[in-house]
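Quick note on numbering: the sequence shown equals residues 257 to 408 in the working numbering.
Just so you know, even glycine gets a beta-carbon here, dropped at the ideal spot from N, CA and C.
All of these numbers come straight from a predicted model, not from anything done at the bench.
Let me begin by presenting the structure, written as structure tokens, before commenting on it.
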Amino acid sequence: MGVAGCGKTTIGANLARRLELPFFDGDDYHPRANLEKMSAGIALTDGDRLPWLLALCQVMKENPQGSVISCSALKRSYRELLSQEPVSFVFLDVPESVILERVRSREHFFPESLVLDQFLNLEAPNETEALRVDGCLEVDLICRQLVEVLVS
């Protein structure tokens, strides 16, 4: 979990491969209207996000053996909704300046103009709510650390 550009898809896919679990990119579950709004630089509301979060809950229900899902889960209320199924959150913590640089350099529907909105909406989890990871570390190191913690 984390803001756009923190590495959710990259880390999630790599972690899922190491854990031999299916990976689901949360972006693939946004309704088309959400993608259009974000592409136009319009921030999503809680109401916009609800169908998306419910779709991710359904993915978890359909994969009781476990899975890795990339999802911003910016607010506690979103994480509470997602916690209807057993879940462990990993917070990829990355400074805003690094996020801006990453978003500028990639081809993605999410525009740079929405980065500030994501940081304004982020309710960073505490140590009991999520495993906090420095998202600026190398992918391999992050994934090795996560496997050690999640498998133990």
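Under 7 Å between C-beta atoms of residue i and residue j
i       : j       : result
Val-324 : Leu-271 : yes
Val-389 : Val-346 : yes
Gly-391 : Gly-263 : yes
Rounded C-alpha distance that separates residue i from residue j
i       : j       : result
Val-371 : Val-259 : 8 Å
Val-395 : Thr-266 : 8 Å
Gly-297 : Gln-374 : 12 Å
Val-407 : Asp-283 : 26 Å
Cys-327 : Met-294 : 15 Å
Glu-352 : Gln-321 : 35 Å
Ala-329 : Ser-369 : 19 Å
Glu-357 : Leu-393 : 15 Å
Neighbourhood of residue i by C-beta, 6 Å cutoff - its chain only, sequence neighbours within 5 removed
i       : result
Val-315 : Phe-280
Arg-332 : Glu-379
Buried versus exposed call for residue i [16 or more other C-beta atoms within 10 Å across all chains shown]
i       : result
Leu-376 : exposed
Arg-335 : buried
Arg-305 : buried
Gly-268 : buried
Cβ shell of residue i (< 7 Å), same chain only, five flanking positions each side left out
i       : result
Glu-341 : Cys-313, Met-316 and Lys-317
Asn-319 : Pro-278
Thr-427 : Since the first and last residues shown for the chain are 257 and 408, residue 427 lies out of range.
Val-405 : Leu-387
Own chain partners of residue i with C-beta closer than 8 Å, once the 5 adjacent residues on each side are dropped
i       : result
Pro-381 : Met-257, Arg-332, Arg-335, Phe-345, Phe-347 and Arg-388
Val-403 : Leu-271, Arg-274 and Leu-275
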